[in-house]
Structure formats: structure tokens, C-alpha cells
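If you read the sequence shown in the numbering used here, its first letter stands for residue 0, the second for the next number, and so on.
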Amino acid sequence: MSPSRRLLYALAALLCLGLLLGIAAALDSAVPSAIRTAWWGLLLCLGLVATFDALHLRRLPSPEVRRLLAGNLALGRWHDVQLEIRHPARAMRAEIFDHVPAGLDVQALPQQVLLEPRQFCQLSYRLQPTRRGHFQFEHCEIRLFSPLGLWRERRLLPLQSKTRVYPDFTQLHGAPLMAVDRWLSRLGVRQQPRRGLGMDFHQLRGFQEGDTLRQIDWKATARNRMPIVREYQDDRDQQVLLMLDCGRRMRSKDGPLAHFDHALNASLLLGYVALRQGDALGLYTFATEQRRFFAPAKGQTQLNALLNGVYDLVNTQRPADFALAINDVLNLQKRRALVIILSNLRDEDDEALLGAVRQLSRRHRVLVVSLREPVLDELRQQPVESFQQALDYCGALDYLHARGRLHEQLVAHGVPLLDARPHELGPALISRYLAWKKGGVL
């Protein structure tokens, strides 16, 4: 319990008056005894009133508080949280502050409310998650003011709530309501339509404008005395395994999100498309405290399993051991699959990475995805006007050249490579996957 401003102002006024009376007494000025008596009377009266007000505040029961919080939150989006407060005693003023865990930004707190007796009072504030994972709310703090406003008391009310923060995939909720092609075009993904030129036989149909001669089934044409073509569809029984680097090289940030979050979002986005295309999706994480492996499977339940399995993944300070991770994948994934390695390649990854990827390529189709820091491109394009800018320019250029030599070495050994900025990774990755799928490369 602490005094309010009202009580402090009253004490300050009496103190100033007492100081004047003391100065007058020191100067032997005639001060009526009635004034001194009144001063002592005011001081005693203020003490009694303050004591009574404090005892009344101490006896007041704590309000009942209920928190309405969604069980799942999206990373980087604002969400509304509601607090319902009910006070059984007389009407009074209060200040509410909810104890929000670290990793959640908050707006519109604290708030002052007027609590009516035996009535619910509702207020709301906003949360924005800045990292994924599991969050536990433990307490709600409320500051009560005494009936006369002379005292205020801070009370910590136990109020537990739990929520989980997932990657922001709210755009997927509406995707099942529209065609996949239309949804992908909104994301900037370019597809090359090749009607009837997949790998799996689908049906026989009449010749249409745009069909090629090599699609004609000559036996069926002779029987029906009209051109008949064979129509194929893309393979729908392939497996896609995503290898996600969770180590220290993925801690670089592009805006509010780290490269790891961009890679995770792109992985789940590609997984959604692959599952819609009829393929099986799996995920393997490395450079973590404990690796996680989800065997490739089909259906919407697989995407839900992945979301629930990776929402709390965090970056570690561990280095990426590609050789160890690829050997583990070879033991876990026996069937041929498209294995996509998502990392941030560095110049020190030359021999170890190349040998491990070539070993993996003997059994699986491999795509290496390397995230490029946008700040390096910005440094290379900025004008050089000072010695420090010259050092930054030369350092960025040297790093990009070393990284480029590694990319060229991978391509020279027949290892497909996708070099993309973090915010462009999702559409670029989906475009490469669909192009390979339609071209029969998988």
C-alpha cells in the first residue's frame, strides 16, 4: 500500500503551513494560538481520515478477473485479449495491468476502469508475438484506490492462461476455397501450363487445339476413325523431405524475422502445395539440441502435425554438420524422394558440403537452397564516399565472391542450387518444385 497524490498534496500543504508557523515563532512574531491549534487539529484529522481510509481499503476483497485469450496466435500479427473484471464491493476506481510473458509486444496497458458493484467490466488490449513457442500467463496486476482516494494498493492476482504461437499461415485458411493455381498466382508463383504432358496416364480424349502429334494414340485413332490423344497428369505419389538448418548461420535477420523463420515459413508453404498436389511431405531438422524427424505422409493431417511439431523450434548456436545430418537422413529415408536442404551457405562449406550432397544425390533428388542476406546487396550498390564505406564495400564483395565460388562448384558437380533472398524464398521454392514436377524431373 502506498499514499496517493491526493494524500501527498495534503501533507505537503500542512508541512508548508507548519514551516511558516515555525519561521514566525523563530522571529518572535505574534501568531495566534488558534492558528497553531487549528494546524494540529488538521494534522490529527488528516491522520485519522487516512488511517480509516487505509483500513477500509485493506478490507476490500480483490476483484474477480477472467482473461479471454486465444489458444493459438500467429507470429507477427496483432491479437485482441479481453479481461473481464467483477467487483463485489462498492464502486471504486482501479488500474489494470496484465503480466505478459517476454516475447509478446503489448499495446493499451495499463488501463483505468471504474468498477461497479456486482457488475462485469470488460476491457481489451492487443498482443503481437515476436517469436514462436509456448507462452504461459501467470498473473494479472490490479491497483485499487481507497474510497477517499488517499491510498492505493497493488494486488497480484493469480490468473493462469496458456497459448501457442505458430508461424503466420492465416493465408492458408482461405486457400481450400479456391483453385490451387489461382491461389499460387496471388503469391507471385509462376507456373508453366503443359496440358496433358505429365508422367502418369490419365485418360484418352479427342484431339483439341494445342495438342501435339506425339500425344496421338494411333491405335485408338484407327479404331475410332478420329484423332485420339493420350492425356497424362503429374505424378501424385512422390515424396518430399525438407531438411531445415536450425543452427547459428540462420540467425541473421531480414527485417523483424530471422532467416530461420523465413525458411520455416517457406518450408510449410511448400509443404502445403506439395500436399495439395498429392505428394507426401516430411521434415528433418538438424543443428538443434535434439533433431526432429517427420516421415513423409499425405493429407491435411500431415500439415497439422508439422505445424504442431515445429511451432516451438528455435535457433541454436550450434554449427551445421551437413555430413552428420545427411548420413542420418540416408538411414531414415529409404525411399527415393526430393530432398530440399535449406540453409545459409558460407565459403567454409566447400568440401564437406559437396561430399555430403553428392552422397545424398546417389539415392535422392537433391535441391540446395541458400538464403542470401539483402544487406550484402545493399552494401554493394551504395556509393563509396568514405574509408569506412570502402572497407564495408570490399568486405561485402569478397564475401559474395567466395559464396559465389561455392555455388558454382555445386552447380559444376550437378547439384541444383536455389539462391534467394529470405522474403522471396517461398514463391521461388514453390516455382522450382512445380517446374520439376511438371517437367518429370522428380
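Where is the CB? At the ideal position from N, CA and C, for every residue including glycine. Given the structure is predicted, the values throughout are model-derived calculations rather than measurements.
* Asked: When we look at the beta-carbon of tryptophan 77 and count the other beta-carbons within 10 Å, is it buried (16 or more) or exposed?
  -> Counting from 1 along the sequence shown, the entry for residue 77 is found at position 78. With fewer than 16 Cβ atoms within 10 Å of its Cβ, tryptophan 77 is classed as exposed.
* Asked: From arginine 420 to valine 356, what distance separates their C-alpha atoms?
  -> Here the question's residue 420 lines up with position 421 in the sequence shown. Here the question's residue 356 lines up with position 357 in the sequence shown. Rounded to whole angstroms, the gap between the alpha carbons of arginine 420 and valine 356 is 22 Å.
* Using a Cβ-Cβ cut-off of 8 Å (strictly less than) and excluding sequence neighbours within five positions of glycine 354, which residues of its own chain qualify? -> For the purposes of this step, residue 354 is taken as the residue at position 355 of the sequence shown. In the same chain as glycine 354, and ignoring 5 residues on each side of it, the C-beta atoms closer than 8 Å to its own belong to Ala322, in chain order.
* Hey, would you say glycine 425 sits closer than 8 Å to leucine 240, going by beta carbons? -> The count along the sequence shown starts at 1 and reaches residue 425 at position 426. The count along the sequence shown starts at 1 and reaches residue 240 at position 241. Taking a C-beta distance under 8 Å as the contact criterion, glycine 425 and leucine 240 do not qualify as a contact pair.
* Who are the near neighbours of proline 157 in its chain, counting only those whose CB is closer than 8 Å to its CB and skipping five residues on each side? -> Counting from 1 along the sequence shown, the entry for residue 157 is found at position 158. Excluding sequence neighbours, proline 157 sits near Glu137, His138.
* Asked: CA-CA distance, methionine 177 and arginine 275?
  -> The residue labelled residue 177 in the question sits at position 178 within the sequence shown. The residue labelled residue 275 in the question sits at position 276 within the sequence shown. Residue placement at methionine 177 is poorly supported in this model, since its pLDDT is 43, which falls under 50; the coordinates still yield a value, given next. Rounded to the nearest angstrom, the two C-alpha atoms are 12 Å apart.
* Segment contact flag, the stretch 403-419 with the stretch 374-394, C-beta cutoff 8 Å, min 3 pairs -> Contact between the stretch 403-419 and the stretch 374-394 is absent: fewer than 3 CB-CB pairs across the two stretches fall below 8 Å.
* Leaving aside the five residues before and after valine 502 along the sequence, list all residues of the same chain whose C-beta is less than 8 Å from its C-beta, in chain order. => Nothing in the structure corresponds to residue 502, since the chain is present only between 0 and 441.
* **Local conformation of serine 430 per DSSP, three classes** => Within the sequence shown, numbered from 1, the residue matching residue 430 stands at position 431. Serine 430: helix per DSSP, three-state reduction.
* Is asparagine 223 helix, strand or coil when you go by DSSP? -> For the purposes of this step, residue 223 is taken as residue 224 along the sequence shown, with counting starting at 1. In the structure shown, the three-state DSSP call for asparagine 223 is helix.
* Could you give the C-beta distance for phenylalanine 285 and glycine 308, rounded to a whole number, given that I count them as a contact under 8 Å? -> Numbered from its first residue, the sequence shown carries residue 285 at position 286. Numbered from its first residue, the sequence shown carries residue 308 at position 309. Approximately 15 Å separates the beta-carbon atoms of phenylalanine 285 and glycine 308; this is outside 8 Å, ruling out the contact.
* Asked: If you scan the stretch 41-106 from start to end, which runs of the beta strand (DSSP E) of 3 or more residues do you find wholly inside it?
  -> Listed in chain order, they are 63-67, 71-73, 78-85, 91-97, 103-106.
* Asked: Which one of Ala221, Arg213, Glu230, Leu212 has the shortest CA to CA distance from arginine 204?
  -> Your numbering for residue 204 matches position 205 in the sequence shown. Of the candidates Ala221, Arg213, Glu230, Leu212, the one whose C-alpha sits nearest the C-alpha of arginine 204 is Glu230.
* N- and C-terminal bounds of the beta strand (DSSP E) containing glutamine 135 -> The residue you call residue 135 lines up with position 136 of the sequence shown. From DSSP, the beta strand (DSSP E) with glutamine 135 extends over 132-144.
* Under the rule that 16 or more other beta-carbon atoms within 10 Å means buried, what is leucine 143, buried or exposed? -> Translated into positions along the sequence shown, residue 143 becomes position 144. Leucine 143 comes out buried.
* If you check the beta carbons only, do tyrosine 165 and asparagine 71 fall under 8 Å apart? -> The count along the sequence shown starts at 1 and reaches residue 165 at position 166. The count along the sequence shown starts at 1 and reaches residue 71 at position 72. Yes.
* For glutamate 152, write down the residues that DSSP places opposite it in a beta bridge. => Here residue 152 is taken as the residue at index 153 of the sequence shown, counted from 1. Answer is Leu143.
* Helix or strand or just coil, what does DSSP make of methionine 249? -> Taking the sequence shown and counting its residues from 1, one reaches residue 249 at position 250. The answer is helix: DSSP assigns methionine 249 an H, G or I state.
* To do: State the CB to CB distance for the pair leucine 417 and alanine 401, rounded to an integer number of angstroms; the pair is presumed to be in contact (CB under 8 Å).
  => In the sequence shown, residue 417 corresponds to position 418, counting from 1. In the sequence shown, residue 401 corresponds to position 402, counting from 1. The Cβ separation is near 19 Å, so there is no contact.
* Is DSSP giving threonine 129 helix, strand or coil here? -> Along the sequence shown, one-based indexing puts residue 129 at 130. Of the three classes helix, strand and coil, the one that applies to threonine 129 here is coil, per DSSP.
* What alpha helix (DSSP H) runs, 4 residues minimum, are completely inside the stretch 284-310? -> Here the runs fully enclosed are 299-309.
* **Range of the contiguous beta strand (DSSP E) that encloses alanine 419** => In the sequence shown, counting from the first residue as 1, residue 419 sits at position 420. It spans 416-419 - the beta strand (DSSP E) in which alanine 419 sits, taken as one unbroken run.
* Asked: To which residues of the same chain is proline 146 closer than 8 Å at the C-beta, ignoring the five residues directly before and after it?
  -> In the sequence shown, counting from the first residue as 1, residue 146 sits at position 147. For proline 146, where only same-chain residues beyond five positions count, the Cβ hits under 8 Å are Asp52, His55, Leu56, Arg89, Met91.
* Every unbroken alpha helix (DSSP H) inside the stretch 2-34 [4 residues or more] -> 4-25, all fully within the stretch 2-34.
* Asked: By Cβ distance, which residues of its chain are closer than 8 Å to proline 116, with the 5 residues on each side in sequence left out?
  -> By one-based count along the sequence shown, residue 116 stands at place 117. Only His86, Pro87, Ala88, Arg89, Ala90 meet the Cβ criterion.
* Asked: Excluding the five sequence neighbours on either side, which residues of its own chain have a C-beta within less than 6 Å of the C-beta of phenylalanine 119, listed in chain order?
  -> The sequence position of residue 119 within the sequence shown is 120, counting from 1. Excluding residues up to 5 positions away in sequence, Glu83, Arg85 lie with their Cβ nearer than 6 Å to the Cβ of phenylalanine 119 in the same chain.
* Rounded distance between the beta-carbons of methionine 225 and valine 328, thought under 8 Å -> Here residue 328 corresponds to residue number 329 of the sequence shown, with the count starting at 1. Here residue 225 corresponds to residue number 226 of the sequence shown, with the count starting at 1. Contact flag wrong, Cβ pair sits at about 51 Å.
* To do: Taking isoleucine 340 as part of the beta strand (DSSP E), name the residues at either end of that continuous run.
  => Mapped onto the sequence shown, residue 340 falls at position 341. In the DSSP assignment, isoleucine 340 falls within the unbroken beta strand (DSSP E) covering 337-342.
* First and last residue of the uninterrupted beta strand (DSSP E) at aspartate 376 -> Taking the sequence shown and counting its residues from 1, one reaches residue 376 at position 377. Here aspartate 376 belongs to no beta strand (DSSP E); instead the alpha helix (DSSP H) covers 373-380.
* Measuring CA to CA, which of Ala29, Pro31, Leu10, Ala33 is closest to cysteine 44? -> Residue numbering aside, residue 44 sits at position 45 when the sequence shown is read from its first letter. Here the closest residue by C-alpha is Leu10.
* To do: Determine the closest residue to glutamine 237 out of Asp278, Ala262, Gln207, with distance taken between C-alpha atoms.
  => Working through the sequence shown from its first residue, we reach residue 237 at position 238. It is Asp278 whose Cα lies nearest to the Cα of glutamine 237.
* heavy atom of the ligand ADP below 7 Å from cysteine 120 C-beta -> By its list of ligands, the structure shown contains no ligand whatsoever, and the ligand ADP lies outside what it can speak to.
* **Top-ranked residue by Cα proximity to methionine 0, from Gly148, Gln121, Arg153, Ala29** => By 1-based counting over the sequence shown, the position of residue 0 is 1. For the residues Gly148, Gln121, Arg153, Ala29, the minimum Cα distance to methionine 0 belongs to Arg153.
* Anticipated Cβ contact below 8 Å, glutamine 127 with glycine 209, distance rounded -> Start at 1 with the first residue of the sequence shown, and residue 127 comes out as number 128. Start at 1 with the first residue of the sequence shown, and residue 209 comes out as number 210. With a Cβ gap of about 50 Å, glutamine 127 and glycine 209 do not count as contacting.
* Asked: If you run the structure through DSSP and keep just helix, strand and coil, what is serine 369?
  -> The count along the sequence shown starts at 1 and reaches residue 369 at position 370. It is a strand residue.
* To do: Rank Ser28, Asp216, Arg131, Gly246 by C-alpha distance to the C-alpha of arginine 345 and give the top, closest one.
  => Taking the first residue of the sequence shown as 1, we reach residue 345 at position 346. Residue Gly246 is the option with its Cα nearest to arginine 345.
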